[in-house]
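**Student:** Shown below is the structure under consideration.
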Amino acid sequence: MPRRTCVVVVGLFCAATFAASAQSPTDGNRTAATGMAVAPDSATLEKELQRLPWVKFRAIIEGVPKLKADVDRYGPTGWKFVEVNYQSYGWKKNINKLDDKQRSLLVQLLRQATGSR
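Next comes the structure, spelled out in structure tokens:
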């Protein structure tokens, strides 16, 4: 009897293991499994931007057309406001409005500015 119990337990364990590996991965896991880099979320990008010194921050903002247009809309006064408040201003909603191309450009510029990959 104990031998049958062991065989049943091992069989159930193997069946559960194979069933779990046969399921298709979710979208989040699919990008990780294929080796594609997952872009950081808006909050992470916002924090990375806010940690930069002003000169690097401004260069990145000027490098992303949509973000530059958002600041340029207010002229020189807008740039003065941003210089004073960029480390506490909520950039997350502006980052959320970026299309995929501009968002990837932002990520690339941030990585170059911070020296990370």
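Converting from the sequence shown to the working numbering requires adding 19 to each position, the first position being numbered 1.
Heads up, the beta-carbon is just placed ideally off N, CA and C, and yes, glycines get one too.
A quick note: this is a predicted structure, and the numbers were derived from the prediction, not measured.
1) Which same chain residues, not among the five before or five after K116, have their C-beta less than 7 Å away from its C-beta?
2) Answer with buried or exposed for A132, where buried requires no fewer than 16 other C-beta atoms within 10 angstroms of its C-beta.
3) What residue range does the alpha helix (DSSP H) around S61 cover?
4) What's the C-alpha gap between G109 and E65?
5) For a cutoff of 8 Å on Cβ pairs, would you count Q106 as touching chain D?
6) Around the C-beta of E102, are 16 or more other C-beta atoms found within 10 angstroms, so that it is buried, or is it exposed?
7) Please report how far the alpha carbon of V83 lies from the alpha carbon of S123, in whole angstroms.
**Tutor:** Taking the structure as given:
1) K85
2) buried
3) Element bounds for S61: S61 to R70.
4) 7 Å
5) Chain labels in this structure do not include chain D; a single protein chain is all it has.
6) Result: exposed.
7) 10 Å
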